[in-house]
Structure formats: C-alpha cells, structure tokens
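Participant: Just dropping this structure here.
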Amino acid sequence: MSQYNFEIIENSSPAFIKAIEEGLGQSTPSNITPRHYRPLLLVLRNREKKIIAGFEGSTYWGWLNIRLLWVSKDLRGKGIGEQLIKKAEEIAKERKCFSAVVDTFSFQARGFYEKLGYKIFGKLDDFPPGETRYYLSKQLT
Numbered sequence: 008m009s010q011y012n013f014e015i016i017e018n019s020s021p022a023f024i025k026a027i028e029e030g031l032g033q034s035t036p037s038n039i040t041p042r043h044y045r046p047l048l049l050v051l052r053n054r055e056k057k058i059i060a061g062f063e064g065s066t067y068w069g070w071l072n073i074r075l076l077w078v079s080k081d082l083r084g085k086g087i088g089e090q091l092i093k094k095a096e097e098i099a100k101e102r103k104c105f106s107a108v109v110d111t112f113s114f115q116a117r118g119f120y121e122k123l124g125y126k127i128f129g130k131l132d133d134f135p136p137g138e139t140r141y142y143l144s145k146q147l148t
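Taking our numbering, the leading residue of the sequence shown gets 8, the next gets one more, and so forth.
What follows is the structure, given as structure tokens:
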C-alpha cells in the first residue's frame, strides 16, 4: 500500500488551484523575477445587468495573458471585443507589462487578434482534429 493517494477532482475549486500555484511558486529559483500575478476581469452588462461580453486574463512577469474573450452573438462585429482587448492592454501597461499573449483556434478569432496587431509565433495542428490552435503575441510598449 502506497503512502500517497491520487485523487481525481472533477470540479476544481480556488483552494486547490491556490495550493498548486503556491507550491509551484515556492519551487521557482530565487534568481527569477518575481511573478507579481494579478487577475484581470472585465465585463460589459446591459441595462438589465446581464453580462453580454467579458474578458478574463491575468498579468505576470511583464505579460498580459489573455485567457478568455467573449461577446454575445448579437453584439459581434460592433467593436466591443476590440474595446475589451484595448482596455485590458491599457490596464496591462499600467501594470508595467510590455507584451501580451493569447491562443485561439482556426474556427475562432485568429483574424480578430491579427487585426489588433498580434503576430503568430506558434501553432498546433489537429487540435482539435482538422483544426489548428494558434499562439499569438503583441508588443505593448
């Protein structure tokens, strides 16, 4: 019988993620620049207070990490996504970030990010099968 027990957790919680992040942070060599991790969440609400667009990401090590961007289907093509990204970039610069990074898929927003000045630096073919995952970055300063 092992002294360890693997546990599969289907529904993650902030406490589990925090424990892993703290453990990872403690194992980072001392000569590495401090991470200075800060979450960044922007939402757009309508008059009824329903969320109709949003951005979720974070800033650390001088980078804006774009994780999620969503605009309600009926509002797409009206500049809202661009406004959210520009606001996130503005906040990132205030936080002393010099670059931004995002990944997207061939069936999603590659052209959108390229229009905003993001450049492809990598790709993963057949993820999901028949599609491509793109990795893009942009200099902010």
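Each residue gets a CB set at the ideal place from its N, CA and C atoms; glycine is no exception.
#1: Is P46 helix, strand or coil by DSSP?
#2: Is the beta carbon of L71 closer than 9 Å to that of A107?
#3: Give the C-beta separation of G88 and L75 to the nearest angstrom, bearing in mind that I take them to be a contact with Cβ-Cβ under 8 Å.
#4: Classify G88 as helix, strand or coil using the three-state DSSP reduction.
#5: Which residue wins for smallest C-alpha separation from D132, given the options N12, I73, R83 and F112?
#6: Select from T66, I59 and Q90 the residue whose C-alpha is nearest the C-alpha of L82.
Facilitator: The structure says:
#1: Counted from its first residue, the sequence shown places residue 46 at position 39. Correct three-state label for P46: strand.
#2: To locate residue 107, count along the sequence shown from 1; it is residue 100. To locate residue 71, count along the sequence shown from 1; it is residue 64. Against a cut-off of 9 Å, the Cβ pair of L71 and A107 comes out as a contact.
#3: Sequence index remark: in the sequence shown, residue 88 carries index 81 (1-based). Sequence index remark: in the sequence shown, residue 75 carries index 68 (1-based). 12 Å between Cβ atoms; not a contact.
#4: Along the sequence shown, read from residue 1 onward, the residue named residue 88 stands at position 81. Correct three-state label for G88: helix.
#5: For the purposes of this step, residue 132 is identified with residue 125 of the sequence shown, where counting begins at 1. Checked all of N12, I73, R83 and F112; the closest Cα to D132 is F112.
#6: What you label residue 82 is simply residue 75 of the sequence shown in a count that begins at 1. Of the candidates T66, I59 and Q90, the one whose C-alpha sits nearest the C-alpha of L82 is I59.
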